[in-house]
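Structure first, then comments.
There are 2 protein chains.
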Amino acid sequence: MQEKPTAAELEVLAILWEMGEASVRQVHEQLSQDKETGYTTTLKIMQNMHGKGLVNRDEKRRSHVYAAAVSQQDTQESLVKTFIRKAFGGSTNKLVMQALGQSEPSKEEIEEIRAFLDKMENK
Amino acid sequence: MQEKPTAAELEVLAILWEMGEASVRQVHEQLSQDKETGYTTTLKIMQNMHGKGLVNRDEKRRSHVYAAAVSQQDTQESLVKTFIRKAFGGSTNKLVMQALGQSEPSKEEIEEIRAFLDKMENK
DNA sequence: GACATTATACGATTTATTTCGTAGGCAATT
DNA sequence: AATTGCCTACGAAATAAATCGTATAATGTC
Chain D
2 MQEKPTAAEL EVLAILWEMG EASVRQVHEQ LSQDKETGYT TTLKIMQNMH
52 GKGLVNRDEK RRSHVYAAAV SQQDTQESLV KTFIRKAFGG STNKLVMQAL
102 GQSEPSKEEI EEIRAFLDKM ENK
Chain H
2 MQEKPTAAEL EVLAILWEMG EASVRQVHEQ LSQDKETGYT TTLKIMQNMH
52 GKGLVNRDEK RRSHVYAAAV SQQDTQESLV KTFIRKAFGG STNKLVMQAL
102 GQSEPSKEEI EEIRAFLDKM ENK
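Those sequence lines, one after another, are chains D and H. For what it's worth, my numbering labels the leading residue of the first sequence as 2, then goes sequentially. For what it's worth, my numbering labels the leading residue of the second sequence as 2, then goes sequentially.
Written out as structure tokens, the structure is:
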């Protein structure tokens with residue numbers, strides 16, 4: 002059972018899911034594009050994540066190479082579950098309609114959801 | 002622009018949205034059903050919320066009467082917006098499909114979403 | 001009126017998270 | 001081999017949030 006990532010850790014995970022493998026330096030450069038933050042802060046976060054088992058790291062090289070140890074799918078699943086419970090009293094449909102209602106989806110996006118619903122029903 | 006409620010504050014809001022008006026005592030009793038917590042903790046949280054403008058309170062009576070000052074709709078909208086950005090890279094559709102995919106919706110629930118999509122398109 | 005009960009106010013502590021400074025190691029450059 | 005630069009480790013400070021203890025005031029009860 003994976004530990005729940007904090008907000009800062011989730012930002013790092015997002016980058017690792019995108020990049021696959023990355024050094025602290027690389028992650029930090031990505032992160033810096035969105036917000037002002039020190040290098041050792043990023044380092045510390047990633048070290049914490051390693052301690053929690055959220056990332057794996059290869060220490061063979063001088064600058065360690067990190068990769069996500071938890072899947073995006075599993076993590077999002079767990080986050081959504083918690084979010085629905087806490088913010089929508091457990092109702093998935095309320096969340097879904099709230100999300101769609103405020104997002105002004107394009108015709109294509111609506112179609113995508115319809116197709117997804119169809120597929121679900123035929124399972 | 003309303004301040005964002007913390008996790009504990011959101012729990013209180015949920016109760017107030019449900020009950021309409023309530024004293025600290027009443028809110029605390031609800032809260033206690035889900036988790037072990039002290040009365041003054043609940044009190045403090047609600048005082049903080051009052052300071053932030055998240056609740057209104059009537060001080061005419063000895064035990065103050067509280068009510069939500071922010072709507073459930075607006076609050077959920079803001080929470081969802083943040084959540085989609087932080088956990089799903091801004092993609093509403095990804096959130097929606099993840100949520101539906103893991104919830105095993107009933108036929109009725111699926112129909113409800115379909116109807117909602119139809120209505121959206123004809124707006 | 002004294003006493004018990006139940007309120008609010010508020011500071012202080014605890015816990016979680018984020019941030020950063022500094023030390024020490026390794027490697028490339030001169 | 002000294003200098004410079006980049007790296008990790010790690011403790012500690014800063015921040016945010018939640019929890020609680022204690023003081024004090026209002027109300028009801030005997």
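Positions of the beta carbon are idealized from the N, C-alpha and C atoms, including for glycine. Just so we're clear, the structure is a prediction, and the values are computed from it rather than from any experiment.
Mind listing the chain H neighbours of residue i? Cutoff is C-beta to C-beta under 7 Å, in chain order.
| i | result |
| --- | --- |
| A68 (chain D) | Near A68 (chain D) there are no residues of chain H at all, since even the closest Cβ is about 19 Å away, more than 7 Å. |
| E113 (chain D) | N94 |
| S104 (chain D) | T93 |
If we cut at 9 Å on Cβ distances, does residue i have a partner in chain H?
| i | result |
| --- | --- |
| R58 (chain D) | no |
| M121 (chain D) | yes |
| Q3 (chain D) | no |
| K36 (chain D) | no |
Can you tell me whether DSSP reads residue i as helix, strand or coil?
| i | result |
| --- | --- |
| E22 (chain H) | strand |
| N49 (chain D) | helix |
| N123 (chain H) | coil |
| G71 (chain D) | In the sequence as presented, Gly is not what sits at residue 71 (chain D); that position holds Val. Residue state, collapsed to three classes: coil. |
| R62 (chain H) | coil |
Give the straight-line distance between the Cα atoms of residue i and residue j, rounded to the nearest whole angstrom.
| i | j | result |
| --- | --- | --- |
| L44 (chain H) | I111 (chain H) | 41 Å |
| K108 (chain H) | A68 (chain D) | 40 Å |
| K5 (chain H) | L17 (chain H) | 16 Å |
| Q27 (chain H) | H29 (chain D) | 48 Å |
| S72 (chain H) | A23 (chain D) | 43 Å |
| D75 (chain D) | S92 (chain D) | 20 Å |
| L55 (chain H) | G21 (chain H) | 14 Å |
| K87 (chain H) | R63 (chain H) | 43 Å |
| Q103 (chain D) | M121 (chain H) | 11 Å |
| E37 (chain H) | A100 (chain H) | 30 Å |
| E19 (chain H) | Q77 (chain H) | 14 Å |
| E105 (chain H) | N94 (chain D) | 11 Å |
| G39 (chain H) | V13 (chain H) | 14 Å |
| K82 (chain H) | L96 (chain D) | 11 Å |
| D59 (chain D) | I46 (chain D) | 16 Å |
| T42 (chain H) | E113 (chain H) | 40 Å |
| Q31 (chain H) | H65 (chain D) | 49 Å |
Any beta-carbon of chain D closer than 9 Å to the one on residue i?
| i | result |
| --- | --- |
| I85 (chain H) | yes |
| K82 (chain H) | yes |
| Q31 (chain H) | no |
| E110 (chain H) | yes |
| L101 (chain H) | yes |
I want to verify the contact list: residues of chain D whose CB lies under 9 Å from the CB of residue i, in sequence order.
| i | result |
| --- | --- |
| A88 (chain H) | L11, A15, T76, Q77, L80, V81, F84 |
Can you name the residues of chain H whose CB is closer than 9 Å to the CB of residue i?
| i | result |
| --- | --- |
| M98 (chain D) | E113, I114, F117 |
Taking C-beta pairs closer than 8 Å, name the residues in chain H that residue i reaches, listed in chain order.
| i | result |
| --- | --- |
| A8 (chain D) | K87 |
| request: At 3 residues or longer, and completely inside the region 74-107 of chain H: list those beta strand (DSSP E) runs for me, N to C. | output: none
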